[in-house]
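A.B. asks:
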Amino acid sequence: MINNEEFQDEIGNNHISSSAQNPVREDAFDSTDEEKIEKIKKDVENILITLGMDLTDDSLKGTPNRVAKMFVKEIFGGLNPAKKPKVSTFENNYKYGEMLVEKNITLYSTCEHHLLPIIGRAHVAYISSGKVIGLSKINRIVEYYAKRPQVQERLTMQIVQELQKALQTEDVACIIDAKHLCVNSRGIKDIESSTVTSEFGGKFKNENTRRELLEYIKLETKF
0 MINNEEFQDE IGNNHISSSA QNPVREDAFD STDEEKIEKI KKDVENILIT LGMDLTDDSL
60 KGTPNRVAKM FVKEIFGGLN PAKKPKVSTF ENNYKYGEML VEKNITLYST CEHHLLPIIG
120 RAHVAYISSG KVIGLSKINR IVEYYAKRPQ VQERLTMQIV QELQKALQTE DVACIIDAKH
180 LCVNSRGIKD IESSTVTSEF GGKFKNENTR RELLEYIKLE TKF
């Protein structure tokens, strides 16, 4: 019988998510950013000391503080709802009725199983049902949901769901093609492989519409 630790390793090594939403505790934002930084700083110090590093060295003295600030204010900043981008939509007064595709959005996220980077591109599309959104807002939504411990499947779904809510339409799609450093730099160490995930809503569930989207982004993958 597999024990709990082995089971947890199996989930992590196979990059399986146990939740459709990011598993965040209810008290996650009771502490200020500054309080969190101080706590994480001490934890990073302990990790480095345990590994045998000399924190009196000039190169390492500031590392715990730098890492703590990076965690709270940068790479995991998307956990904080206060940092969620304000999404303004506008009436589609020019009656554009075809799909709009924002492709090759640079994506940096972090695997929640090993806390190693996920690096790739997101391709997002929608068909207006009366509302349009500023192009830069699409990029900001991708960035917001990427800046947290993630699994790629969940990230893909969250981007689509957020845009569906903002645009008041089901006709939204997202495809992400990314490299996971937990696969590329450890474990199997396959530096060439990448992971492709997709979420198709509304009209994008139609095979012809999906084919048109793939032609736009030139991603030769069958879904």
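Numbering-wise (numbering that gives the first Met the number 0), the sequence shown opens with residue 0 and increments by one.
Just so it is clear, CB atoms sit at the ideal spot from N, CA and C, and this is done for glycine as well.
#1: Take Lys221 and list the residues in its own chain whose beta-carbon comes closer than 6 angstroms to its own, dropping the five residues that flank it on each side.
#2: Considering only DSSP beta bridges, list what Pro148 is partnered with.
#3: Let me make sure I understand the geometry here. Which of Lys146, Ile48, Gln163, His113 has the alpha-carbon closest to that of Cys181?
#4: Got a sec? Which residues, its chain only, sit under 6 angstroms from Ala124 by beta carbon, not counting five neighbours each side?
#5: In angstroms, rounded to a whole number, what distance separates the CA positions of Glu152 and Ala121?
#6: From what residue to what residue does the alpha helix (DSSP H) around Pro63 run?
#7: If Thr62 and Ala165 are in contact, beta carbons under 8 angstroms, what's the gap, nearest whole angstrom?
#8: Inspect the beta-carbon positions of Val135 and Gln167 and report whether they are closer than 8 angstroms.
#9: Assuming Ile175 contacts Thr196 under a Cβ cut-off of 8 angstroms, what Cβ separation, rounded to an integer in Å, is found between them?
#10: Let me confirm a value: Lys83 is counted as buried when at least 16 other C-beta atoms fall within 10 Å, else exposed. Which label applies?
#11: When you compare only the Cα positions, how much space is there between Ser108 and Ile118?
#12: Do Arg78 and Ala145 have their C-beta atoms within less than 8 angstroms of each other?
#13: From this set, Phe203, Gly186, Glu161, which residue's C-alpha is nearest Lys85's C-alpha?
#14: Would DSSP call Ser135 helix, strand or coil?
#15: Alpha carbon to alpha carbon, what distance is there between Leu47 and Pro22?
#16: Using a Cβ-Cβ cutoff of less than 6 angstroms, which residues in the same chain neighbour Val159 once the five nearest sequence positions on both sides are dropped?
#17: Can the beta-carbon of Ala67 be found less than 8 angstroms from the beta-carbon of Ile36?
#18: For the alpha helix (DSSP H) that Ile118 lies in, which residues bound it at each end?
C.D. replies: This is what the structure gives:
#1: By 1-based counting over the sequence shown, the position of residue 221 is 222. Residue placement at Lys221 is flagged as unreliable, the pLDDT there being 49, under the threshold of 50; a coordinate-derived value is accordingly withheld.
#2: Residue numbering aside, residue 148 sits at position 149 when the sequence shown is read from its first letter. Paired residues: Thr109.
#3: Residue mapping note: residue 181 aligns to position 182 of the sequence shown, counting from 1. It is His113 whose Cα lies nearest to the Cα of Cys181.
#4: As a first step, residue 124 must be located in the sequence shown, where it is residue number 125. Correct list, in chain order: Met98, Val100, Ala172, Leu212.
#5: Position 153 of the sequence shown, counted from the start, is the residue given in the question as residue 152. Position 122 of the sequence shown, counted from the start, is the residue given in the question as residue 121. When rounded, the distance between both Cα atoms is 12 angstroms.
#6: Here residue 63 is taken as the residue at index 64 of the sequence shown, counted from 1. Where Pro63 is concerned, the enclosing alpha helix (DSSP H) stretches over 62–68.
#7: For the purposes of this step, residue 62 is identified with residue 63 of the sequence shown, where counting begins at 1. For the purposes of this step, residue 165 is identified with residue 166 of the sequence shown, where counting begins at 1. Going by Cβ atoms, the distance from Thr62 to Ala165 rounds to 39 angstroms, so no, they are not a contact pair.
#8: Against the sequence shown, residue 135 aligns to sequence position 136. Against the sequence shown, residue 167 aligns to sequence position 168. It should be pointed out that residue 135 corresponds to Ser in this sequence rather than to Val. The answer is no: Cβ separation not under 8 angstroms.
#9: The residue given as residue 175 occupies position 176 in the sequence shown. The residue given as residue 196 occupies position 197 in the sequence shown. Indeed, because the Cβ distance is near 5 angstroms, the residues count as touching under 8 angstroms.
#10: Mapped onto the sequence shown, residue 83 falls at position 84. The residue in question, Lys83, is exposed, as its Cβ has fewer than 16 Cβ neighbours within 10 Å.
#11: Position 109 of the sequence shown, counting from 1, holds the residue named residue 108. Position 119 of the sequence shown, counting from 1, holds the residue named residue 118. The alpha-carbon atoms of Ser108 and Ile118 are separated by roughly 6 angstroms.
#12: On the sequence shown, position 79 is the one that residue 78 refers to. On the sequence shown, position 146 is the one that residue 145 refers to. Per the sequence shown, residue 78 should be read as Leu rather than Arg. Not a contact, by the Cβ cut-off of 8 angstroms.
#13: Taking the sequence shown and counting its residues from 1, one reaches residue 85 at position 86. Comparing Cα-Cα distances from Lys85 to each of Phe203, Gly186, Glu161, the minimum goes to Glu161.
#14: If you number the sequence shown from 1, residue 135 lands on position 136. Helix at Ser135.
#15: In the sequence shown, counting from the first residue as 1, residue 22 sits at position 23. In the sequence shown, counting from the first residue as 1, residue 47 sits at position 48. Each residue's alpha carbon lies about 27 angstroms from the other.
#16: Here residue 159 refers to the residue found at position 160 of the sequence shown. Cβ neighbours of Val159 beyond the five flanking positions: Val171, Cys173, Glu198, Gly200.
#17: Position 68 of the sequence shown holds residue 67. Position 37 of the sequence shown holds residue 36. Yes; because the gap between Cβ atoms is below 8 angstroms, this pair is in contact.
#18: Here residue 118 refers to the residue found at position 119 when the sequence shown is read from its first residue. No alpha helix (DSSP H) contains Ile118, which is instead part of the beta strand (DSSP E) from 116–126.
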